[in-house]
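Only one structure is covered here, and it is reproduced in the block below.
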Amino acid sequence: MKEISTREAFGIALAELGEVNDNVVVIDADISKSTYTTEFHKRFPERAFNVGIAEQNLMLVAAGIASTGKIVFTSTYAVFASMRACEQVRTFICYPNLNVKIAASHGGLQVGGDGVTHQGIEDIGIMRSIPNMRVVQPADAIATKKIVFAISEIYGPVYLRLMRNPSPIIYDESYNFEFGRGTILVEDGKDVAIIATGIMVSEAIKAVEILRTKGIRAILVDMPSIKPIDSELILQVAKTTGAIVTAEDHNIIGGLGSAVCEVLSEFYPVPVKRIGLRDTFGESGDWKELFKIYKMSFEDIADACLDIVKMK
Amino acid sequence: MENYKEKVRRLKNIALELRKDVVEMIYRANAGHPGGSLSAAEIISVLYFEIMNVDPKNPNWERRDRFILSKGHACPILYAALAKRGFFEREHLWTLRKTHSILQGHPDMKKTPGLDFTSGSLGCGLGIGVGMALGLKMSGIKSRVFVMLGDGECQEGAIWEAAMCASHYRLSNLFAIIDYNGLQVDGWIRDVMNIEPLKEKWKSFGWYVTEIDGHNVEEILSAFQLCFKVGGPAVIIAHTIKGKGVSFMENQIEWHGLALNEEEFERAMAELSAEEV
């Protein structure tokens, strides 16, 4: 399979889902071309709506439609879904626990050239703190398709974080997604465990290769289900390795790193290093360059692993 | 068979009974929002005891008409109507705002039988109503969606996002009622942030607009009939008096969110009892 973005994979999967599930409704706030929901609009115009550039209304209309028994997918960008319409999501979707799936593209610095206004770096933290909300982030296009189908089968609100730019394909069709379950991708040894999500999974795969050349044997976990998180797996790899590095394209405050630390500090404290944006805004630029500048590249993940092994 | 005159008399008396329940609920809870509850009494009476097709034995009946109280703080008047309509026992009214109550300080659709949507954060009910109206149409259900808006919340931008959306999708099953009592927490709306010209605003957003005295049952009845004839989206701008029916509360912003003491409670109940027709 060629490299495509998870937002594009989402759009393709959504149209496929529409074929098999008549109850799925899609609402956009103008940018359906960007979130690739256009195919769903074309095939199912009677259950596809566009509210225009009005994200607060997007979430309210979604809540209203969901209350009549539909499965509603809204699609916009992470910054707008999590901040412009945050209270609508919290009070009118999560509080009444309605069946609305919020697909949010443009998560993190991987957005690149559009810059800070379009780089959602706080969304996981915001969405994770709302009761009833589940937060998921696929690592590649194949996982995205599986996740789109899986979230349609579970009742209640879900925040689905997607990426703007193409990313490497990691999985094959045998991949299976479950809420609250991570996947062990590499099990080289007992020196350190990397827990990554989204685009950082493919960065972490490269980090593991660097570590191999330096004699460090790592475990790599993909954590697509950030809430509920796989506490069992986190504790298992913490007990095996005694050192954890988290990797996410998000502020290190509130995201995957925080979620992992919450589990560890309560049940099995071990040293942790968090890779992500260090409480700063990004900027425009090629995302691979930005990852280097903001210390989020595969080399930075490998360095963090080398450092933490020394701390054991 | 009830004739028109009897119907009007019945609906007026129900409004009065609902007012008395509001006063007693807030007195017993020692908290709540009397002003905006009392201003909505006649409209709620007409909706729940004449217009809306609901089934208290089956509150989630999918073909029911829906009501969203966008100005959620006025929930005591809605709770009183739901109890009187038979959705739950009247005794629950005296548990308002208390721990484990089915009657939250602001409406919770998951706790109160007959309550169609959660509300309380202003500016959001109309967008939800748009969604409901779309969802019902998609399912081929002919039910109508009614949204009661506060005048003050028309200052919220989300109201106008929803207003634009309702006319774009030609939602013939969506009806809004604005409880225009003229007051908001910080004072008169015209002084805090003027919403006029209100009728022209709604018209320019593609809505059918009619303006009435929101305490006149005959006018409310004929406004709804007119709106149904024209089809939605239609809005009734109902001019009302905040605190209506209790002399010392009328047009007094202090009574937006204030509980009555014992003496005020006795006075209010005596005044309301004297009004029966």
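In the order they appear, the protein sequences are chains A and B.
For the first sequence, the residue numbers in my numbering are 1 to 312.
For the second sequence, the residue numbers in my numbering are 1001 to 1277.
Positions of the beta carbon are idealized from the N, C-alpha and C atoms, including for glycine.
Between the stretch 1019-1029 of chain B and the stretch 1265-1275 of chain B there are three or more C-beta pairs closer than 8 Å, enough to call the two in contact.
For residue 1203(B), the closest Cβ of chain A is not nearer than 7 Å. Shown here, residue 265(A) sits in a helix according to DSSP, grouped into three states.
In the DSSP assignment, residue 77(A) falls within the unbroken beta strand (DSSP E) covering 71-77.
For residue 134(A), the enclosing beta strand (DSSP E) has its first and last residue at 134-136.
The Cβ atoms of residue 113(A) and residue 78(A) do not sit closer than 7 Å to each other. Per DSSP, the continuous alpha helix (DSSP H) segment holding residue 234(A) begins and ends at 231-241. Beta-bridge partners of residue 277(A) (DSSP): 251(A).
Taking the Cα positions, residue 16(A) is about 15 Å away from residue 72(A).
In this structure, residue 48(A) lies away from residue 1161(B), with their beta-carbon atoms at least 7 Å apart. Taking C-beta separations shorter than 7 Å and ignoring five residues to either side along the sequence, the partners of residue 30(A) in its chain run 50, 52 and 53, following chain order. For the C-beta of residue 1162(B), the chain A residues within less than 7 Å are, from N- to C-terminus, 57 and 60. For residue 59(A), the enclosing alpha helix (DSSP H) has its first and last residue at 55-66. Counting only runs of 4+ residues, the alpha helix (DSSP H) found wholly inside the stretch 1120-1156 of chain B occupies 1125-1138, in chain order. Counting the other Cβ atoms within 10 Å of the Cβ of residue 22(A) gives fewer than 16, which makes it exposed. Residue 25(A) is classed as buried because its beta carbon has at least 16 other beta carbons within 10 Å across all chains shown.
Of all residues in the stretch 59-80 of chain A, the ones placed with a Cβ closer than 9 Å to any Cβ belonging to chain B are 59, 60, 61, 62, 63, 64, 65, 66, 67, 68, 69, 70 and 72, in chain order. One thing to note: residue 233(A) has its Cβ within 7 Å of the Cβ of residue 182(A). Pairing residue 227(A) with residue 9(A) gives a Cβ-Cβ distance that is not under 7 Å. Per the coordinates, the alpha-carbon of residue 308(A) lies some 39 Å from the alpha-carbon of residue 152(A). The secondary-structure analysis by DSSP pairs residue 104(A) across a beta bridge with 76(A) and 161(A).
Comparing alpha carbon positions, the residue from 1084(B), 1070(B), 1081(B) and 1118(B) closest to residue 93(A) is 1118(B). For residue 1128(B), the nearest CB of chain A lies under 7 Å from its own CB, placing it at the interface with that chain. For residue 1214(B), the three-state secondary structure derived from DSSP is coil. Shown here, residue 1277(B) sits in coil according to DSSP, grouped into three states, outside any helix or strand. Nearest Cα to residue 242(A) within the set 298(A), 267(A) and 173(A): 267(A). Distance from the CA atom of residue 1159(B) to the CA atom of residue 1108(B), rounded to whole angstroms, is 20 Å. Contact check for residue 1242(B) against residue 1114(B) fails: the beta carbons are separated by 7 Å or more. In the DSSP annotation of this structure, the continuous segment of the beta strand (DSSP E) that includes residue 50(A) starts and ends at 48-50.
Taken in chain order, the complete beta strand (DSSP E) segments of 3 or more residues contained in the stretch 1151-1192 of chain B are 1174-1180. Of 1072(B), 1138(B) and 1169(B), the smallest CA-CA separation from residue 44(A) is found for 1138(B). By the Cβ neighbour-count rule, residue 155(A) is exposed, with fewer than 16 other Cβ atoms within 10 Å of its own. Of the residues assessed, residue 213(A) falls on the exposed side of the cut-off, its CB having fewer than 16 other CB atoms within 10 angstroms. Using beta-carbon distances, residue 1158(B) counts as an interface residue toward chain A, with a partner under 7 Å.
Across the set 135(A), 37(A), 195(A) and 185(A), the C-alpha of 37(A) shows the shortest separation from the C-alpha of residue 76(A).
Annotated three-state conformation of residue 187(A) is strand, per DSSP.
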